[in-house]
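For what it's worth, the numbering used here labels the leading residue of the sequence shown as 1, then goes sequentially. For reference, the structure discussed in these notes is given below.
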Amino acid sequence: MWVFLGLWGLQALAQEDCVQCHKKITPKQVKDWSVSKHAENDITCSACHGDKHHSKKDVAKVRLPDEHVCAECHEEQFNQFKRGKHNYGWTVLNALPVTHLEPDELMEGGKGCGGCHNMGIKSPAQRAEMHKRGYRYQNNSCDECHTRHTFSKKEALDPKACQQCHMGYDHPQWEMWSSSKHGTRWFVRARGHLPQNAPAPTCQDCHLPNGNHENRTAWGFLGVRLPLPQDKEWAQAQITILKALGVLNPLTGKPTARLELVKKLEMARLTKKDFDRERARVKKVCYQCHSQSYVDFQFQQADMYFKKIDLLMAQAINIVADLYKEGILHKRGQQPYPYPDFLYFMRTDYGAGFDQLDYIEQVLFEMYMKHRMRAYQAFFHVNPDYAYWYGWAMMVKDLGEIEELAAQMRANHHK
Ligand code: HEC
Ligand code: HEC
Ligand code: HEC
Ligand code: HEC
Ligand code: HEC
Ligand code: HEC
Ligand code: HEC
Ligand code: HEC
Numbered sequence: 001m002w003v004f005l006g007l008w009g010l011q012a013l014a015q016e017d018c019v020q021c022h023k024k025i026t027p028k029q030v031k032d033w034s035v036s037k038h039a040e041n042d043i044t045c046s047a048c049h050g051d052k053h054h055s056k057k058d059v060a061k062v063r064l065p066d067e068h069v070c071a072e073c074h075e076e077q078f079n080q081f082k083r084g085k086h087n088y089g090w091t092v093l094n095a096l097p098v099t100h101l102e103p104d105e106l107m108e109g110g111k112g113c114g115g116c117h118n119m120g121i122k123s124p125a126q127r128a129e130m131h132k133r134g135y136r137y138q139n140n141s142c143d144e145c146h147t148r149h150t151f152s153k154k155e156a157l158d159p160k161a162c163q164q165c166h167m168g169y170d171h172p173q174w175e176m177w178s179s180s181k182h183g184t185r186w187f188v189r190a191r192g193h194l195p196q197n198a199p200a201p202t203c204q205d206c207h208l209p210n211g212n213h214e215n216r217t218a219w220g221f222l223g224v225r226l227p228l229p230q231d232k233e234w235a236q237a238q239i240t241i242l243k244a245l246g247v248l249n250p251l252t253g254k255p256t257a258r259l260e261l262v263k264k265l266e267m268a269r270l271t272k273k274d275f276d277r278e279r280a281r282v283k284k285v286c287y288q289c290h291s292q293s294y295v296d297f298q299f300q301q302a303d304m305y306f307k308k309i310d311l312l313m314a315q316a317i318n319i320v321a322d323l324y325k326e327g328i329l330h331k332r333g334q335q336p337y338p339y340p341d342f343l344y345f346m347r348t349d350y351g352a353g354f355d356q357l358d359y360i361e362q363v364l365f366e367m368y369m370k371h372r373m374r375a376y377q378a379f380f381h382v383n384p385d386y387a388y389w390y391g392w393a394m395m396v397k398d399l400g401e402i403e404e405l406a407a408q409m410r411a412n413h414h415k
């Protein structure tokens, strides 16, 4: 026994029965913890997990710590996180109608949407709901960037820490950044081919500057904003997109209950002041390395391009909306209006059943969620290929397909 424990030294022995027993039960986790700042500062297992469980028989008494436990010692980071956009991850997920049509394993189980949207403090009601469905893990978002049980600052500062979630289908920031000149410089520097102090901005430099855990951007994810852009044509296109998001009633143009949700969950900037504040915040980072004129020009261009993307998008939405007006498409399932609803994602059966999926609406959804996202996000992350081939060019292709499908549907309908 003494020989075995000797591996860890007398210090651990003196500490806690948790460490001793868990060196056998979950040795890799103990090892992880033993190199952490927590171990260095005598923050032992029981500081986070409580001291009610001591054997195989009473495992149920263990506390799986949520963010409030971290807050006991890291109030500053907790409060910043709470004010930021990451704190809405779980609530946003549960606010979408599609979530409740898809398998629980992909939500509370943390394998699909829930694997990324675990980001965000859960309310007691949300936690109770999870437990009721039989899910007991996924209580903490602080371990999403500094993973347990090392809880390392260095790890969180590595752009890789963001990759799991900010990648792929609708938000490939990882792919865009890592193959941009910004990312290239970072990788080249890491290999020692540039001086260690050569400038190379990371995700964290631009989005969590100075370790501030409060994150937010001007355009946000949905790429809509209020007040609407001053340009009339562009404003009209944004209105059409807001209808397809169900934020404006497609029939009357009046705000729906979803606008309240958008406000509450900060899914868009709702005043010019809020938009400008976020813009100024990120521009300040760019100014550290580029000239002011250079940076201002990049953002002006981005917004001009945004308008062009939105005109394409609105044109496609209107084609599908006309099919409803003409009685070729019909409202089904839980669909709120005879109009496409993007918040059902690929579930264009609107819950009516998989045999009622509608293909033209899936193409329309992909145009919004995959290709429009890539087109505008690439501009901000300085990626030429995503801006053109994966973004704009694919939107043009989608529009072509939607025109063709609509023509076929009309022809079949009038047969
Ligand atoms: C005598 C052995 C023993 C001691 C002492 C012990 N544990 Fe455990 N612990 C276990 C066993 C066995 C499990 C179940 C492992 C499994 O599910 O594979 C467990 C599970 C856990 C889990 C995971 C629970 C889950 O649902 O997955 C945590 C966290 C934990 N222990 C923390 C602690 C803490 C903190 C202490 C000290 C206060 C402690 N343990 C003391 C044996 C022990
Ligand atoms: C700084 C806080 C903290 C400390 C200290 C800590 N843990 Fe954890 N531990 C967590 C968090 C957070 C989770 C994830 C909870 C969840 O999924 O809801 C976790 C989960 C676990 C799990 C279950 C998940 C898994 O991957 O198996 C085990 C077992 C565990 N801890 C053991 C330990 C042991 C043993 C120690 C001491 C050597 C320890 N923990 C120290 C925060 C801590
Ligand atoms: C009982 C107090 C306590 C609790 C609870 C606690 N920590 Fe810590 N934490 C510390 C101390 C002390 C340090 C070392 C501070 C220092 O070096 O300045 C630390 C350091 C850290 C660091 C910096 C590590 C580094 O590499 O510099 C991170 C990240 C961290 N904690 C995250 C967490 C998270 C996440 C939780 C909750 C799961 C948590 N802590 C819970 C006390 C605590
Ligand atoms: C690979 C990780 C990942 C998966 C899987 C995922 N999301 Fe997301 N989601 C994100 C990230 C990251 C963002 C923020 C992206 C951005 O701003 O560019 C986001 C943003 C969102 C937003 C917008 C939030 C806002 O306030 O603007 C909603 C709504 C959303 N996701 C719902 C879902 C739903 C529903 C699913 C599953 C059907 C899902 N997500 C699957 C990572 C994911
Ligand atoms: C576990 C998954 C996950 C990880 C890891 C993650 N994020 Fe996120 N991120 C999300 C989700 C989900 C959202 C959307 C939350 C919402 O708005 O409801 C988001 C939103 C954001 C936003 C706000 C976008 C907006 O709408 O304004 C920024 C910026 C961001 N993340 C940056 C980062 C950076 C930088 C890192 C790495 C240091 C990172 N994220 C790590 C899941 C993650
Ligand atoms: C050089 C600075 C910079 C770097 C590096 C950077 N971003 Fe961004 N990011 C921006 C700007 C600028 C915006 C758009 C701000 C706006 O809406 O005006 C943005 C927007 C975002 C958004 C909101 C949706 C979007 O794409 O427009 C997310 C999420 C995000 N970034 C995550 C990341 C992640 C993750 C990384 C690293 C893989 C990263 N960013 C690297 C500057 C940067
Ligand atoms: C989106 C990724 C991300 C999430 C989520 C996250 N952190 Fe961090 N954290 C970071 C980064 C990046 C740093 C390093 C900041 C720096 O030094 O510039 C950091 C640093 C820290 C530090 C060390 C501060 C210092 O200066 O030594 C603590 C403590 C900490 N985080 C606690 C938390 C807590 C508590 C939570 C949950 C409420 C949390 N973090 C969630 C990215 C994250
Ligand atoms: C830490 C320093 C740093 C920051 C911060 C930074 N950049 Fe850069 N940026 C660079 C370097 C270095 C290059 C590579 C210059 C070259 O191509 O010779 C670069 C290149 C660029 C390029 C040209 C890419 C190409 O393919 O030629 C653009 C556009 C750009 N940055 C925009 C921005 C914007 C917008 C921001 C803020 C959101 C920003 N940068 C923040 C250092 C930075």
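All C-beta atoms, glycine included, are put in the ideal place defined by N, C-alpha and C. Every value quoted in this text rests on a predicted model; they were computed, and no experiment measured them.
Burial state of residue i, where buried means 16 or more other Cβ atoms lie within 10 Å
| i | result |
| --- | --- |
| residue 136 | exposed |
| residue 123 | exposed |
| residue 9 | Residue confidence for residue 9 is low, a pLDDT of 46 falling below 50, so the modelled location carries little weight and cannot support an answer. |
| residue 108 | buried |
| residue 93 | buried |
| residue 335 | buried |
| residue 73 | exposed |
| residue 292 | exposed |
| residue 196 | exposed |
| residue 76 | exposed |
| residue 18 | buried |
| residue 81 | buried |
| residue 27 | exposed |
| residue 297 | exposed |
Coil, strand or helix - residue i by DSSP
| i | result |
| --- | --- |
| residue 64 | coil |
| residue 340 | coil |
| residue 195 | coil |
| residue 242 | helix |
| residue 248 | strand |
| residue 124 | helix |
| residue 201 | coil |
| residue 255 | strand |
| residue 99 | helix |
| residue 227 | coil |
| residue 109 | coil |
| residue 5 | Note on residue 5: pLDDT 43, under 50, position unreliable in the model; no value is reported. |
| residue 293 | helix |
| residue 345 | coil |
| residue 129 | helix |
| residue 350 | coil |
Neighbourhood of residue i by C-beta, 8 angstroms cutoff - its chain only, sequence neighbours within 5 removed
| i | result |
| --- | --- |
| residue 339 | 243, 244, 250, 251, 321, 324 |
| residue 263 | 270 |
| residue 265 | 88, 91, 92, 95 |
| residue 311 | 233, 234, 237 |
Start-to-end residues for the alpha helix (DSSP H) that takes in residue i
| i | result |
| --- | --- |
| residue 91 | 89–95 |
| residue 186 | 181–190 |
| residue 364 | 359–366 |
| residue 24 | 17–25 |
| residue 285 | 272–287 |
| residue 356 | Unbroken run through residue 356: none, as it is neither H nor E. |
| residue 83 | 75–83 |
| residue 408 | 393–413 |
| residue 46 | 45–49 |
| residue 40 | 37–40 |
| residue 138 | Here residue 138 belongs to no alpha helix (DSSP H), and DSSP marks it neither H nor E. |
| residue 384 | 384–387 |
| residue 216 | Looking at the DSSP string, residue 216 is not in any alpha helix (DSSP H), and its letter there is neither H nor E. |
Neighbourhood of residue i by C-beta, 7 angstroms cutoff - its chain only, sequence neighbours within 5 removed
| i | result |
| --- | --- |
| residue 84 | 213, 214, 215, 216 |
| residue 398 | 316, 363, 366, 367, 371 |
| residue 328 | 409, 410, 413 |
| residue 149 | 29, 32, 33, 36 |
Chain-order list of residues whose beta-carbon lies under 6 angstroms from that of residue i (same chain, five-residue window excluded)
| i | result |
| --- | --- |
| residue 258 | 246, 247 |
| residue 188 | 194 |
| residue 176 | 378, 381, 383, 386 |
| residue 165 | 116 |
Cutoff 9 angstroms: residue i Cβ touching any chain D Cβ
| i | result |
| --- | --- |
| residue 105 | Structure shown: chain D not included; a single protein chain is present. |
* **Residue ranges of each beta strand (DSSP E) within the stretch 307–336, 3 or longer** => none
* At which residue ranges does the stretch 146–181 contain complete beta strand (DSSP E) runs of 3 or more residues, listed in the order of the chain? -> none
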